[in-house]
Structure formats: C-alpha cells, structure tokens
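What follows is one structure encoded as structure tokens, with my remarks underneath.
Number of protein chains: 2
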Amino acid sequence: MEHHIDFEPVGRRGHCPADQTLLDCARDLGVDLVNLCGGAGSCGRCKVQLLAGTASELNSVERTTLSSDEIAEGYRLACQAYPLSDARVRVPPDSLTTPQRTQVDGLEVRVRPEPPVRAFRVRLEPPSLEDLRADAERLLAALEDQHDVAGCTIDLAVLRDLSPQLRERSWEVGLMVRDKEIVGLTAWPSRPLGLAVDLGTTKIAAYLVDLESGETLASRGIMNPQIAYGEDLIARIERVMTTPAEADRMQALVVDALNEAAASLCAEVDAAPAEIVEAVLVGNTAMHHLFLRLPVEQLALSPYVPAVGAALDVKARQLGLCIAPGAYVHLLPNIAGFVGADHVAMLLATELRDAEGVVLALDIGTNTEVCLFNHGKMTSVSCASGPAFEGAHITHGMRAANGSIENVRLVGDRIEFKTIGDDPPVGLCGSGILDALDQLYQAGVLDSKGRMGDHPRVRATDGSREFVLVSEEEQAGRPAITITQKDVRELQLAKGAIHTGIQVLLETNGLSEDDIDQVIIAGAFGTYIDVSSAMGIGMLPRLPLERFRQVGNAAGTGARLALVSLSKRAEAQAIAGQVGYVELATAPSFMQIFAQSMYLG
Amino acid sequence: MEHHIDFEPVGRRGHCPADQTLLDCARDLGVDLVNLCGGAGSCGRCKVQLLAGTASELNSVERTTLSSDEIAEGYRLACQAYPLSDARVRVPPDSLTTPQRTQVDGLEVRVRPEPPVRAFRVRLEPPSLEDLRADAERLLAALEDQHDVAGCTIDLAVLRDLSPQLRERSWEVGLMVRDKEIVGLTAWPSRPLGLAVDLGTTKIAAYLVDLESGETLASRGIMNPQIAYGEDLIARIERVMTTPAEADRMQALVVDALNEAAASLCAEVDAAPAEIVEAVLVGNTAMHHLFLRLPVEQLALSPYVPAVGAALDVKARQLGLCIAPGAYVHLLPNIAGFVGADHVAMLLATELRDAEGVVLALDIGTNTEVCLFNHGKMTSVSCASGPAFEGAHITHGMRAANGSIENVRLVGDRIEFKTIGDDPPVGLCGSGILDALDQLYQAGVLDSKGRMGDHPRVRATDGSREFVLVSEEEQAGRPAITITQKDVRELQLAKGAIHTGIQVLLETNGLSEDDIDQVIIAGAFGTYIDVSSAMGIGMLPRLPLERFRQVGNAAGTGARLALVSLSKRAEAQAIAGQVGYVELATAPSFMQIFAQSMYLG
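One line per chain: the protein sequences are A and B, in this order.
According to this note's numbering, the residues represented by the first sequence are 36 to 636, in order.
According to this note's numbering, the residues represented by the second sequence are 36 to 636, in order.
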C-alpha cells in the first residue's frame, strides 16, 4: 500500500510505501531533511509539520523531543512518524540540509560604497541645571558640532529610545543618519548593516551587507512561502481578488520569512537584526505589490498597470520587518505590470545601459523578463514561462537539490546523467529537464511538434507515453524517473513563451537573431542550464556559444548595488525611465510567433 | 446605612444612603447623568459601569436594555441599580448631560488660513494599451498638469487605496496635499478638516476645524482618562517608572478618548473622522511625552529635561489615531520639562510676544505655567499647583457642572451663593472654592496662617473644624457642604505655588508687582474666578481690576491657530526659542518666597 505525500514548500510530491517513515518518504522524493542521528530520534532535527492527513500516534521519543506547542501545531519527527493516509507535510527551513544552491550566487558587487545610511559617533555633555536643553536638541547640536551634519530630524521610534540610551551609554552613542533623519541609535563602535532581498515568485534570496565596505557578509536562499497560495503570480493575484483578506496573510508570510532570514543571516556574523539600518527589496511587480499590500487587481486586468512605478522608501516597521526601528526599505522602480523592480535590478547589475551593439538579457524564472539593448535603446517584454523549469508541474521534476538530475545524455539506448551532490537520483531539476528534452528531440524520440515516438525506453502507462530515464530496476525498486508526454507539453509552453518574447523584441526592433552580439542569461535556472540544449530545443537563439554569458542571480546583485550606493539607486530610476515596454499580447504578430515558438528545434 | 460611592472620571465621591439608586447617588454628588425617562428605566441612557463593589441584582429592565457584552463588562442602569457596598463607578461620556462647560471656550481664532494640507481636484485619463503608466505616476502627472504641484510623494496608506478608488470614482478624486506628500484621497468635492487638541492633565479640549476657512465647526470637552493612573502628572510619571508597561495603556487610553471625541465631533457636522487630514496637539511636557510614548523618567529626575523640545510631525496612525490614513499630528514645541507645548500655545494665542511693557500671563491648571513678558524678554516658570482648584482633594469639591457652587458671599452669618444651572447645590467648583476661601479670610474666620477661628457656622467634627456653607437642614436632609481646615491647607499650598512662581519671575527680572501693566489669565478655572477673591487671598498680585484679562482656554486657541496656519507654527517655534526658563527650585530665594506665599492675604 502507498500514500501520496506532498512536501511543502519544497514542491516535491509522490507516492511512498505505507511502511516507510516520513523521513524515508522525504529521502525517496529528494527532500533533504536534516538527520544527524541516522533516524534514531535523538537529534530532533528532522521536525516537520503535518498539515493534512494522518500519521502514526506520537511515540515516546517525539513526546520527549517536541514541545507541547509544537505538538499542538502538528509537528512530528519525520524519522518517527509513519503516514496513515495521503498527507501534506510542511518542511520548516531549519529542517532542510541544503538550501537551494543556486539562487543567491551572482555577479560580484563592485561599486564604491555611497551608503544611504552613515554612522556617526557622538559624545554629549550631560544636562545640568545650567544647561537644560532637551535630549534631542542636545544630540542634534552635538551631531552638527562634531560632524557638521545639520538640520536632522529623529525618527519617533528612535526618539522613544533616546533618553534612556544616552544615560545608559554615558552620553556616547552611534547615530545612523539617513538623508537628514536619524534612523538608528547604537552603542559605539557600530557597523551599519544592510539587507538586500530578491523576492522571487518561487524563491527568495537574501543578502546581509556591510554598508560601509559594500561587502556581502552572508547570504541565504529560501522558498517563497506564498507558494501555498499558488505557484505562479496569477494564481496569487486571483486568490487576493476572490478573498481580499488573504492579501494580509500572504504579506505576513513573506515578512515572517524575511524576518527569519534576517535573524539567521545576522546570527552568522554575530550581529543582531536591529543593526540592519537599511533594506533594499526587488521583485516582479506582483511580488512588489503583495509585499507592500498594494492592490493587485489592476495587474490582472487589461491594460495591466502597476499601482506605482517609481522607487519607494517605506518604513520597515510599517511592513512588519523587524530591523532597526527607524530603518527604511527601499524598493526599486517597476517598469510595467509584469516587468518589475527585479528586472531593473538585473539591468543595473549587468550594466546593460552601457553595452555596445545588440545585447539580449534574460532573467529566466516563473516569469521570464527579456530586455533587448539595441544601440542604446532598451525594450523589455515579460513572458509567463511558468514554473516548469523550476521543476513544478513536471512529473518527476524537483528543485535543484541533492539527488536531482542536472545533466542528461542519451547515448544510444543508454542514459548518462549527473546528480547534484552525486547522490542517487530522485528527480529532475530545471537544467536536467532541459537537457532531457533536447536529447530526446535530437535523438528523434520527440518530433518537432513534441510528439513522443518509439524508443526502447519509451513505455505507455495509462494510455499515455513516457520516456524512462531511470527505471525501477536501475533505482533498486524505488519509483522510476521519467519524462511524460504531458511533461513535454508543459515544457513546450515554457520554452515557447520565452522564444516568443525574444522574437517579438527582435521584430519590434527590426532585427534578426544573427544581429545579437551577446546574450546575458540571469536567474538561478539560467546559471546552470546547458546553453547548447537551450539552443537545441529552440528556446534561445542559435548563436556561437561564446556570445552567451551566464551571470547567476543578477537581480540579487542589483539589489545589493542599490543597497550600498545612492548613485546606483539613481541609475536604477534612470533605467526604469529609459526602458520601453512591449505588451506581448498586443504585438501584431504575437499569435503567429507564439504558435511557431511551440515547435522544438 | 450609607455607602461611599466614587464616580469616575468626573471625580465626585461621597456617602449615599443605601436605599438610593446609583442615579440618586449621582445626583446627590452632582454628577449629571442623562435621564430622559425620569428613572423609569425606559430611556436606557444612564448607563454606568461598576468597577468595584457590589450592587443589587440585575433586574428585568436592565436585562432588556443592556447588551450581553455590556452586562459582562459590569454596565448597569444607574436608575435601576442600588449599591450594596462601597463602590467605584465609571460614568461613560455618553451618560453625562453636560460636559465641562468651560474647558473649550477661548479666544476667537482670527488668522488668515494658511493650512498645512490643501485639497485639489484631479481628473485623469484612464490607462490604455497606448498609455500604460502606473496609477501613481498618472495621478502625480495630472496633479502637476492641473495644479502646478510637482514632485509629490504618496503616503503608502493612500497608495494602498489609490488604484481601487480611481476606478470606483471614475478617475476623478480629491487629493489632500501636505508639504509635497499626498496624505489623503477622497471623493470630490471634499472639505479638509482638522482636529485641534489641548491635552490637559485633567481635561481634554478637542476642536473640529475647517482647514480652509479656519472656522471651528464643533468643540468638545472631555476628561483625561489617565486620571485613573493619578491625578497629577508626577503620579503618572511615577506609575510609568514603577510599571513601564502602563505607559502603553496610558497612551492607549488617551488615544481612545481622542478617537471617540473625533468621531462625535465629526458626527455633529455630518463628516467622518477619515476627513480629518491634520491634527495639532498641545499639552504640558509630561502629557506630550506620554501621548507620544516618549520616556518620562528624565522628566522626574533633576535636572528635569524633556526627551525632545522641537515641534514634531508624527503620522497619526503611528499613534493609533483613527483619522485620514496618511494624516500627521503636529506637536508644538516644549520649552522645558515642566513648561510644555500648551504654554507655547497659550503664548501664541495671547500674542504675548507682541505685547508692550510688562505683562504676566498665567495658565492655571493642575500644573500652572506663568510667563513674564518684560519689554520684549519672556521668562517662564512652572508651579505644581495641584488639582485643588479643579475640585479634587477638597472635601466637597467638584468639577464645574450643574449644581456646583461657583460664587459665594458671606454676609454676616448668612451665606449667599450661586450654582451652575441654578440647580440645588451639590458641591463647590474652583471659583466657588476660591470665593469661599477669600470670604472666610476677609471675615476673619481664617487668619493669615489659614487657621480656622470661631464663627456660628464653624463646627468641629472628629476633632477637626469645618465651616458649613450649606447645612444638612438647608439641604433638606442631604449632606452638608462645608470647607474643612484640611481643605484650607490644600488651597494654601495651591495658591502659594502660584504666588511663588509670580514672585520668582518678578525677582528674576528685578521688578515688583506694581510694574505689571497687564495680567492675562488663561485656563478653564481662570476664566471663571473672581479676580478680587484671587487677589484677596494673595494668589494674584494686587493690581487695579482693569489690568486683568481672562481669556479662557488659550492653549486650545493656540492649538487651533497652529492647526490652520503654517505661519503660526513657525511663530510657535520662535516663541519656544525665545522664552527663558527658570527652574523654580533653583531660584536663590525660592524657599523663603514659598514660605511667605503660603500666608493668606
């Protein structure tokens, strides 16, 4: 007997034998739960939360290890609990061994720091009957006197802390000053920290940065917990439209995740979240709006306009972010309803504005934004590529984690593959999916319409065909890893969307593929794909390999640049103003291009 | 048999026969409960809340009239409930017939309006596939285009409302603009309203003002509910020092009271609190700090400095005020730990800065601030006069309400008096107390040390002497109204404090009483006192009557001026910078002057 187990938010689901623990199920499905004691129940690290379904009764090991609060909330030790039915299981971030390996890496941050917040040491004379100035005025006078910084105001939250802090710290403090406002008060010496966030539909990348040196001190990739409300942004917008109260919950989910991320990042460098005196957040327009609790209805209805385009500075506390009490979150500008601040950040990081010739820049994700630089003129489109390349909606798809197949070669009837961590294979991540699709097409298993033909590894199940990458036998009895005909259709839609965007941009500019001097591929998925495979199936233009540049999470890099440099913020605003936007669906030949783009090759 | 009943927050307490309803008790003690049906229980207006003690069981009338929530919270109909023990009873504002009559009246607001918030009508072209600008940028462009107002930002709370509002209102809205920030969004036509608040230790005066005309549309006087935490500000500061969490509760109490006041004021003129787009609040430094949740410890410890002196602009929502979501509260500057924004507001309203010669200005309250204008130079002191003149700590004292004795004359053995509303006498309000003290002193019943001598109306109770103003017989069996020896001591302390302040100011300026050209008396109490009586006991300088000017609640007037005029705000800041402050206790001859000031006459 088997149960269907769905692990959230890692996005891995499948059937597991009823006599396996949840830990075994997780392993089979490629979910890397922490497990230091080998399943003995002594380390207590493999905590999961049972959201739906039933499992074996709590045993004595779990009763000892879990708190009563945890038990009340449905927490279990995965190594002790057996599913008794189909189940939905939440895996908290702390129970995962390997965060998504790829989502935080990106271009180096090379910029002279011009931080928005500067730290000043101020020493005051204490008040006396001869000098009865209020604490705030005393502080501001000293700041002007000692640092020539005049005309400042003090954030109310900082003001509330000022009088006791001055007395506790013997009238010597560090002041965090942002554009004539005191946003933080600390002991001296103090080091102003910043938080940069790339808020993706699926993944969140967070970076802790030293504002004075510009150095990235720590980084962390986590899942966007809003996935529970829908895997793509349209699903989430629809959720808000049908149940407006969910907008608050979705906002709170992201804020909680960011607060947790900030706390762990700070813990890594022995700092406290209150030392974070500035944050920069980028995301697509929908993520940006949901994060700020701005209305999203108009994003989903023609003509799809954002509530706001310009860059914003918002008090972090107004959003529930637990960093310095007076700190701001800076949000880079949005270009259009589906071309957001993350695209601007990518353009900033890749310095596309200063390119020469014709350059194509793509940020491949659940939504893919493409910008064409044509001798100084930039035009962008947005393609709803969907989460297929992130492993979702693909039968044996999974996110890039240990045991996921990342490269595939078909040699005759034999399959050669490589998994992340060289672990036994448990599924396919994006680059593996792309490789498989290309190999099947090159070998003629798939025709250009994506129809699956005959091959020794092709079999029919339930009337539908599938290609067996790893069979049950090769898996020592565990489930096979296959690519189904339905998977191929999903992937055709995804690659077709991206190809359409590129073609519409070229057409709008009167250019052809051959005119492209360089292709910049950004995004976690884009970093690890085999460009030949992407060209092979016709997702990317067929060009010499040396014209491609894979830059990793450029949006995250752009966020960090804007975090440490006011000039970069100004540049981001200029970019947003310069980029022309093409609404894909309104391009004259859209339908025709899209139909052609679905073909492989 | 009798019970001791304490009515809060009106501050009236006394013994009532056990066979009287709470309504009868309230009447006896001068608490004006609403009672439209004559005690039949049918109007349901005399609701009170039993905070301590027991009363008769709920009867069927109460069960029908009160909601289950009210019953759970201890609400009773005063006309139906009989006390069964000593009791503490809260009277909600709605159950009182007459608010404090005097606390809102003041000088007329005569100033050309230069409001901080201006309303603009803006009409927009809706977005289309040819014009995909974001809603915010579209709005800002129209504002610049139609009204030449450029470079504005939009408050996040307003931004959250913008996209749906534009669509609901067919792309025509009213914008409330404050110093390049859009703080409100309304239907058009719209009328920007303002709220001015004088937050006193005992009383709160609130005014609803039309920002464009400067006209006061409605006003309301309520009690400061923080009284439950101590009648004077030192008691409240000590409460916060011993139990810091109380600061949040005290702040919330005032905010709740202001929200209620704003809602009733708006209801009077058929408006909604969300139409209030700006507020100004003045109060003494302690009330100011408690309202902003600023630390108050340093106010209570030498050298008694405020956390902040300068004027502040704070988002109303950050304080919990339910007015327009983006509105600010402007707080006038404080001068010193015990000379606050209310004093600045009084000086602003009385235009003392533009006076000639030598002028003394007093705002008499639980704390009394005195300013001496000496040919252009202003010096202020603060005197802890206590709440005796507000009727507190005086055996038969009460606040100015119907039935309180406000004037007293002693003609031989006979007493002549006048009560507010010409109702049967129930107690003494401030002006009556002052009159009585003066009359007893002039008649020789009190000597200059305040010792009570013999008189047909003086009697001894429990070894202490008291002067009977209205006897039990004259009251038809209800309790007598008397002035006790202890009352006299309380009043000597109060008048001594004020006299000391005046004398120290004169001495500091090298002046004597005769040099004073004018005395301005502000404050609710000061409006109704008989100046001759105040001179008679030696509280005010002995000067010709025509040199005195009673101006009512000048602090409230100053708050209204600052609400409607940016020039007046600048003037207030200038005043705060000009006024010199003398810490009373540090004046060389303070002890000597204070000892002398205690004498009557």
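Note that the Cβ used here is the ideal one computed from N, Cα and C, for glycine as well.
Predicted, not measured: the structure shown is a model, and the values here were computed from it.
- Task: Kindly say whether Tyr616 (chain B), judged by its beta-carbon, lies nearer than 8 Å to any beta-carbon of chain A.
- Result: yes
- Report all residues from its chain with a CB closer than 6 Å to the CB of Ile358 (chain B); omit the five preceding and five following residues, and keep chain order. Pro308, Ile311, Ala351
- Does at least one heavy atom of the ligand FAD sit under 7 Å from the Cβ of Glu618 (chain B)? By its list of ligands, the structure shown contains no ligand whatsoever, and the ligand FAD lies outside what it can speak to.
- For the beta strand (DSSP E) that contains Ser417 (chain A), what are its first and last residues? 412-418
- Do you know offhand how far Gly438 (chain A)'s Cα is from Gly49 (chain A)'s? 15 Å
- Query: Do Val290 (chain A) and Asn259 (chain A) come within 8 Å of each other at the CB atom, strictly closer than that value?
  - Reply: no
- In this structure, what does DSSP give as the bridge partners for Asn442 (chain B)? B:Lys453
- Message: Any C-beta of chain B within less than 8 Å: which residues of the region 335-363 of chain A qualify?
- Response: Ser337, Pro338, Tyr339, Val340, Pro341, Ala342, Val343, Gly344, Ala345, Leu347, Val349, Gln353
- Using the beta-carbon of each residue, which ones in chain A are nearer than 8 Å to Leu164 (chain B)? Ser337, Pro338, Glu618, Thr621
- Item | Contact residues within the region 368-387 of chain B, judged by C-beta distance below 8 Å to chain A | Asn369, Ala371, Gly372
- Message: Quick check on the burial criterion: 16 or more other C-beta atoms within 10 angstroms. Buried or exposed for Met36 (chain A)?
- Response: exposed
- Of all the beta strand (DSSP E) runs that stay within the bounds of the region 176-239 of chain B, which reach a length of 3 or more residues? 207-213, 216-221, 228-234
- Item | Three-state secondary structure (DSSP) of Glu501 (chain A) | strand
- When you compare only the Cα positions, how much space is there between Pro360 (chain A) and Val218 (chain A)? 7 Å
- Return the CA-CA distance between Arg213 (chain B) and Ala630 (chain A), expressed in angstroms with no decimal places. 53 Å
- Task: Can you tell me the Cβ-Cβ gap for Ser624 (chain B) and Glu501 (chain B), rounded? I've got them flagged as a contact below 8 Å.
- Result: Actually they do not touch by this definition, with Cβ atoms about 35 Å apart.
- Please check if any C-beta of chain A sits within less than 8 Å of the C-beta of Pro151 (chain B). no
- Item | Three-state secondary structure assigned by DSSP to Glu281 (chain B) | helix
- Item | Beta-carbon proximity list for Leu575 (chain B), same chain, < 6 Å, skipping 5 on both sides | Ala569
- Buried/exposed call for Glu266 (chain B), threshold 16 Cβ in 10 Å: buried
- Task: Measuring only between beta-carbons, confirm whether Arg136 (chain B) sits less than 8 Å from chain A.
- Result: Confidence at Arg136 (chain B) is low in this model, with a pLDDT of 49, below 50, so the placement of that residue should be treated as unreliable; the coordinate-derived value is given next. No, no contact with chain A.
- Message: With a threshold of 8 Å between beta-carbons, can Asp140 (chain B) be considered close to chain A, or not?
- Response: no
- When the Cα atoms are used, what is the spatial distance from Ala346 (chain A) to His365 (chain A)? 7 Å
- Using DSSP with H/G/I as helix, E/B as strand and the rest coil, what is Gln585 (chain A)? strand
- Task: Give me the Cβ distance between Arg125 (chain B) and Val83 (chain B), rounded to the nearest whole Å; I'm assuming they're in contact under 8 Å.
- Result: 7 Å
- Meets three-Cβ-pair contact criterion under 8 Å: the region 113-122 of chain B and the region 146-166 of chain B: no
- Message: Given a cut-off of 8 Å on the beta-carbon distance, is the pair Leu475 (chain A) and Leu526 (chain A) in contact?
- Response: no
- Query: Bridge partners of Ile518 (chain B), per DSSP?
  - Reply: B:Phe502
- Name the residue from A:Ile610, A:Val315, A:Ala590 whose alpha carbon lies nearest to the alpha carbon of Glu143 (chain A). A:Ala590
- Query: Smallest Cα separation from Glu606 (chain A): which of A:Leu382, A:Leu293, A:Ala529, A:Thr414?
  - Reply: A:Leu382
- Quick one: residues in its chain with C-beta nearer than 7 Å to the C-beta of Leu252 (chain A), no 5 flanking neighbours on either side, listed in chain order? Leu243, Val244, Asp245, Val304
- Message: Helix, strand or coil for Cys114 (chain A)? Go by DSSP, reduced to three states.
- Response: coil
- Among B:His378, B:Asp170, B:Arg328, nearest to Ala557 (chain B) - alpha-carbon criterion: B:His378
- Task: Quick one: residues in its chain with C-beta nearer than 8 Å to the C-beta of Gly467 (chain B), no 5 flanking neighbours on either side, listed in chain order?
- Result: Ser439, Ile440, Glu441, Asn442, Val443, Phe452
- Out of curiosity, what's the CA-to-CA distance linking Leu598 (chain A) and Glu313 (chain A)? 7 Å
- Relative to the alpha-carbon of Arg513 (chain A), which residue among A:Pro459, A:Gly615, A:His490, A:Ser483 has its alpha-carbon at the smallest distance? A:Pro459
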